[in-house]
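So the sequences go chain by chain: A and B. Residues 1 to 372 in the working numbering are what the first sequence lists, from first letter to last. Residues 1 to 372 in the working numbering are what the second sequence lists, from first letter to last. Note that beta-carbon positions come from the ideal geometry of N, C-alpha and C, so glycine has one too.
2 protein chains.
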Amino acid sequence: MGLVTSEDLFPVSRLAAVQEATARSGLDALLLTPGPDLRYVTGYDAMPMERLTCLAVPASGEPFLMVPRLELPAAEHSPASRLGVEFVPWEETDDPYAQVGIRLGAVRKVGLADRMWAMQSLRLRDAMPGAEQTLAGGVLRELRMRKSPAEVAALREAGAAIDTVHAQVPNFLKAGRTEREVGKDIAEAIIAAGHATVDFTIVGSGPNGASPHHELSDRIIQPGEPVVVDIGGAMPSGYCSDSTRVYCIGEPPADYAAYYAVLQAAQQAACAHVRPGVTCESIDAAAREVIADAGYGDYFIHRTGHGIGLETHEEPYIVTGNTELMEPGFAFSVEPGIYLPGMHGARIEDIVVCGEAEGERVNLSARDIVII
Amino acid sequence: MGLVTSEDLFPVSRLAAVQEATARSGLDALLLTPGPDLRYVTGYDAMPMERLTCLAVPASGEPFLMVPRLELPAAEHSPASRLGVEFVPWEETDDPYAQVGIRLGAVRKVGLADRMWAMQSLRLRDAMPGAEQTLAGGVLRELRMRKSPAEVAALREAGAAIDTVHAQVPNFLKAGRTEREVGKDIAEAIIAAGHATVDFTIVGSGPNGASPHHELSDRIIQPGEPVVVDIGGAMPSGYCSDSTRVYCIGEPPADYAAYYAVLQAAQQAACAHVRPGVTCESIDAAAREVIADAGYGDYFIHRTGHGIGLETHEEPYIVTGNTELMEPGFAFSVEPGIYLPGMHGARIEDIVVCGEAEGERVNLSARDIVII
């Protein structure tokens with residue numbers, strides 16, 4: 001688990017807070033299947049699967065965890081065992097959906113884990129025909145957006161881990177290798193750096209750098225090409241890393257260096273704008289303005305960032321229209337980009353946590369183009 | 001991509017077959033978000049995300065792919081570009097759910113990707129209030145269960161890769177190390193063996209081996225203990241590996257060796273029973289009978305297996321009550337287990353493909369206890 005303990009990250013008191021928030025929201029129950037919502041509430045890192053594992057948190061009354069019998073020992077060994085909720089094991093030939101419905105009784109409105117699979121949400125719908133389904137995210141976002149000191153420590157730990165991977169990228173990235181070969185070395189380094197999973201390895205060389213979510217191809221990297229490397233994974237704590245740096249095999253083209261300097265200023269401006277009380281969209285605007293003023297506005301084709309925690313992408317989103325006010329503990333990416341289709345592109349990404357007075361970046365590697 | 005090409009794995013003709021199956025099933029459209037269903041139909045390995053990517057396959061009329069603008073280049077470079085379907089990009093501030101509804105028009109019944117997140121299924125429900133939601137799996141299972149020769153080749157490739165990882169486990173597994181330390185080495189080896197992702201690393205030492213889905217703990221492995229190692233990942237092709245072997249640090253306890261021999265006979269009996277025309281449940285029964293006859297019936301607490309392909313767990317399930325008849329191309333795990341709570345456990349798992357006359361195992365490492 002690294003520097004942060006499971007007890008600190010997933011305090012036992014959280015379940016009561018979630019139950020209160022459920023009651024306040026007018027929902028009768030939350031239904032949480034494996035994924036980030038369940039992990040946030042219980043600390044239980046259950047694998048999403050066709051067999052139903054589901055924590056039911058009624059607005060009043062006792063929560064219970066429906067769990068396949070063969071998962072019972074794993075659940076009992078997980079942090080969920082500290083919560084004092086009843087574990088209800090079901091057998092291979094039982095109908096656990098019906099059992100959830102019967103136990104909850106007459107409920108009118110339930111909140112489903114945002115990532116619940118249709119395979120399960122539709123079966124719960126059929127088992128509880130009187131219950132309107134909505135998203136648990138509406139209840140949990142208020143809690144999940146405000147990271148505790150332990151969660152911030154876990155994000156710092158993830159940031160430090162991915163920084164060490166970026167430090168190794170010059171060893172992997174050579175002209176004549178394919179993006180896929182480089183990506184495989186990066187994936188191994190992500191695990192070696194202490195991540196539990198590799199979530200994405202974007203290696204966008206030359207024109208592929210102009211596609212923000214390009215992943216890996218068999219394209220051979222050429223001398224003189226800029227390469228966008230955007231990588232991340234989840235630590236054993238569950239908390240995610242995500243950082244982008246730009247590399248160049250030799251000196252970059254002159255036009256590239258010019259717009260990279262604009263991008264660097266934009267990313268700096270957005271990070272410097274972070275403080276409690278500003279809107280999420282104003283952080284986006286701080287980056288966008290610098291890029292637009294330099295004439296590259298049409299080439300910055302995505303929002304400035306996304307929240308991060310137990311998910312790589314979660315609330316708050318740093319995007320036009322999001323008037324939510326920053327608070328201490330909000331954690332998100334600041335990752336403006338400039339993309340020239342058919343030519344090349346650039347993006348600089350750090351994870352930033354809003355503190356009491358200003359933002360703190362958890363990624364600390366230099367933000368200049370790394371010349372290889 | 002290894003030995004198997006994307007063109008062979010995801011033939012262009014598949015979309016028409018899916019559209020015909022959709023029409024036959026009485027659905028008006030399939031709605032496929034990123035995940036195994038979308039990948040099966042298009043070859044597009046899009047990352048599941050909060051931004052909507054959705055292939056709409058109407059029972060009649062033109063399919064289209066709703067795609068975030070920043071994902072458009074990735075989609076255009078993916079195998080989905082071969083299909084001749086319209087790509088409909090949406091901007092960061094658009095409502096893509098409404099757009100899907102408007103484009104499809106009046107539909108009464110839609111099939112959602114089995115793993116579609118509630119975040120998306122509920123928004124599609126609200127955008128298309130007249131459309132009853134059901135699972136796309138009902139349409140796709142008939143196709144996905146019957147693996148093509150290219151898919152079987154991809155499963156063989158995945159099987160060979162995980163076999164090389166098992167061959168290295170004796171280098172990692174030592175008394176005095178924790179399960180987590182061993183698991184980290186295995187995860188690195190899974191990537192080094194050519195997998196694109198690590199999906200699970202179960203290292204169940206001593207009593208933890210009695211919990212079938214135990215993953216990793218900080219428990220220190222002791223001399224004389226049996227250790228259940230169940231590991232798998234997805235290859236760049238998308239096809240998954242999954243294999244379990246048992247290791248022992250020194251000679252196993254005498255009672256352990258006795259029930260391991262029963263387990264080995266049960267796993268062999270189930271594999272030998274595989275052929276076209278037998279029911280899925282009869283393969284489960286073939287393993288269960290051997291274990292029950294030896295008096296361990298109460299300690300085999302799960303089904304014998306699950307289908308495998310683009311998902312680690314998919315149809316067909318090898319479980320009591322599944323009367324589906326085996327056909328050539330069905331691919332699934334055969335993994336009986338015996339678990340003595342508080343003491344130790346054992347499981348032997350191979351992936352088996354039903355051929356024209358008999359089953360073919362894609363995992364070929366020896367099935368004896370590996371003494372370290």
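- At a C-beta separation below 7 Å, Arg69/A has these neighbours in chain B: Ile301.
- Secondary-structure assignment with DSSP links Tyr260/B through no beta bridge to anything.
- What Ile191/B touches in chain A, judged by beta-carbon distance under 8 Å, is Lys184, Ala187, Glu188, Ile191, Val198, going in chain order.
- With a minimum length of 3 residues, the unbroken runs of beta strand (DSSP E) contained wholly in the segment 194-227 of chain A fall at 197-205.
- Inter-residue distance for Thr93/B and Glu181/A is about 36 Å (C-alpha atoms, whole angstroms).
- Taking a 10 Å sphere around the C-beta of Glu314/B, we find 16 or more other C-beta atoms and assign the residue as buried.
- When Cβ pairs closer than 8 Å are counted between the two stretches, the segment 109-116 of chain A is seen to touch the segment 20-29 of chain A, the count reaching three or more.
- With a threshold of 7 Å between beta carbons, Leu112/A makes contact with chain B.
- In this structure, the alpha-carbon of Glu349/A lies about 50 Å from that of Cys280/B.
- Where Arg103/A is concerned, there is no enclosing beta strand (DSSP E), although the alpha helix (DSSP H) around it starts and stops at 96-104.
- With contacts defined as CB atoms closer than 7 Å, Ala346/B and Leu216/B fail to qualify as a contacting pair.
- Within the segment 116-129 of chain B, contact with chain A at the beta-carbon level (separation under 7 Å) is assigned to Met116, Trp117, Ala118, Met119, Ser121, Leu122.
- In the DSSP assignment, Cys280/B falls within the unbroken alpha helix (DSSP H) covering 280-293.
- The count of Cβ pairs closer than 8 Å, one atom from the segment 206-222 of chain B and one from the segment 250-267 of chain B, stays below three, leaving the stretches out of contact.
- Taking C-alpha positions only, Arg288/A is separated from Gly295/A by approximately 11 Å.
- Looking from the CA of Gly321/B, the closest CA among Asp284/B, Ala74/B, Leu143/B belongs to Asp284/B.
- Burial state of Pro73/A is buried, judged by a 10 Å Cβ sphere holding 16 or more other Cβ atoms.
- A check of alpha carbon separations from Ile351/A across Ala75/A, Gly309/A, Thr134/A identifies Gly309/A as the nearest.
- Checking the DSSP bridge columns, you'll see Gly345/A partnered with Tyr339/A.
- One thing to note: Tyr239/B has its Cβ no nearer than 7 Å to the Cβ of Ala187/B.
- Only exposed fits Glu251/A, as fewer than 16 other CB atoms lie within 10 angstroms of its CB.
- Interface annotation for the segment 42-63 of chain B against chain A: Met47, Met49, Glu50, criterion Cβ-Cβ distance under 7 Å.
- Not one beta carbon of chain A lies nearer than 7 Å to the beta carbon of Pro226/B.
- With its beta carbon less than 7 Å from one in chain B, Ser211/A belongs to the interface.
- Within the segment 319-346 of chain A, those residues whose Cβ lies closer than 7 Å to any Cβ of chain B are, in chain order, Val319, Thr320, Gly321.
- Taking the CA atoms as reference points, Arg361/B sits about 43 Å from Glu7/A.
- If you draw a 10 Å sphere on the C-beta of Glu20/A, you find fewer than 16 other C-beta atoms in it, and that means exposed.
- Contact residues of the segment 152-169 of chain B toward chain A are absent (C-beta to C-beta distance below 7 Å).
- Taking the CA atoms as reference points, Thr53/B sits about 39 Å from Asp218/B.
- Under the Cβ distance rule, His214/B counts among the residues neighbouring chain A, one pair being separated by less than 7 Å.
- By the neighbour-count criterion, in which a residue is buried when 16 or more other Cβ atoms sit within 10 angstroms of its Cβ, Ile202/A is buried.
- By the C-beta density criterion, Glu179/A is buried, having at least 16 other C-beta atoms within 10 angstroms.
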